[in-house]
Amino acid sequence: MSAITKGVVSLLSVGGVGVIGTGIYLLKPFKTKKVSINDILRKQEIFTLLKGEDAKWAEAWKNYQSKNKGKKKGEDTWKLTDWVGDSSSIGDPFKNECNKRLSLEVSGEEDPLFKEFKEMCMRKTTVTDKLEKEGYEFLKVDDSNNSLWTANFQAYKNAKPEEKVAGIDIGQSEIHSNNSHLTKFKNACQSSVAKAIDEVSYSNTKRWCAKKK
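Take 3 as the starting number for the sequence shown in the working numbering and just add one per residue.
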């Protein structure tokens with residue numbers, strides 16, 4: 003083997019070298035482009051960051067406790083300053099850690115760090131969440147919106163199947179002037195807006211159960 007051939011083989015064995023024809027060129031090591039957790043959140047709408055007094059914090063806290071069961075202070079995943087293991091109350095350090103981790107860079111949604119963040123700091127986005135973001139609100143079930151409820155009830159009865167919402171069923175024999183029938187419609191709408199946006203038709207629910215603020 004000539005000195006030149008040996009040199010080429012040696013370079014190829016190291017990696018990062020390619021050969022085209024009789025030329026040799028160096029390849030830069032492949033690096034996965036990373037993005038912040040916050041950037042991923044902004045580009046999707048299925049999940050929502052837990053904030054304030056959201057009731058789902060309790061579930062997130064249970065997930066954290068379960069993951070760190072039996073660990074002493076300083077041994078838990080995030081090394082929370084108030085970690086005691088079996089406390090039912092959610093301290094500020096846990097919530098604050100979620101906010102701090104927004105700036106962490108990950109390779110994508112399959113990155114273990116992002117999966118952990120999703121489990122501890124996020125919940126499914128509900129129809130109500132998206133309505134508020136778009137400037138809409140659920141029609142209150144009191145008498146203040148009865149004219150709208152009545153109109154929607156009647157139109158819903160005549161709507162095409164693809165325009166309706168799973169779980170909101172109004173029979174042709176039911177009438178809006180019957181209070182129990184109208185209440186049934188209102189309650190079904192109330193249940194629908196509480197569902198996650200990937201569990202129910204958002205556009206249809208907005209059409210029948212909400213109004214512009």
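All residues carry an ideal CB built from backbone N, CA and C; glycine is no exception. Please read all numbers here as calculations on a predicted model, not as lab measurements.
- Distances from the alpha-carbon of residue 60 to those of 69, 84, 72 and 92 put 92 closest.
- The residues 70 and 85, in chain order, have a CB closer than 7 Å to that of residue 78 in the same chain once the five nearest residues on each side in sequence are set aside.
- For residue 175 and residue 183, the gap between their C-alpha atoms comes out near 10 Å.
- Taking the Cα positions, residue 188 is about 18 Å away from residue 215.
- In this structure, residue 212 places its C-beta atom within 8 Å of the C-beta atom of residue 139.
- Note: residue 49 is bridge-paired with 126 in the DSSP secondary-structure output.
- Counting only runs of 4+ residues, the alpha helix (DSSP H) found wholly inside the segment 126-205 occupies 129-135, 148-159 and 181-195, in chain order.
- Taken through DSSP and simplified to helix, strand or coil, residue 107 comes out as strand.
- For residue 212, the enclosing beta strand (DSSP E) starts and ends at 212-214.
- For residue 70, no alpha helix (DSSP H) segment is defined, and its DSSP state is neither H nor E.
- Residue 80 and residue 97 have their C-alpha atoms some 11 Å from each other.
- In the same chain as residue 105, and ignoring 5 residues on each side of it, the C-beta atoms closer than 7 Å to its own belong to 38 and 40, in chain order.
- In this model, residue 203 and residue 168 are separated by some 8 Å (Cα to Cα).
- Fewer than three pairs of CB atoms, one per stretch, sit closer than 8 Å, so the segment 156-168 makes no contact with the segment 118-133.
- If you compare the alpha carbons of 66, 72, 126 and 88 with that of residue 56, the shortest gap goes to 126.
- Between the alpha carbons of residue 146 and residue 116 lies a gap of roughly 44 Å.
- For the options 159, 123, 186 and 43, the alpha carbon positioned closest to that of residue 53 is the one of 123.
- Between residue 177 and residue 158, the gap from beta carbon to beta carbon reaches 8 Å or more.
- For residue 94, the enclosing alpha helix (DSSP H) covers residues 94-102.
- Straight-line spacing of the CA atoms in residue 207 and residue 62 works out to 28 Å.
- When the Cα atoms are used, residue 120 and residue 181 turn out to be separated by approximately 43 Å.
- By alpha-carbon distance to residue 185, the top candidate from 148, 44, 111 and 49 is 148.
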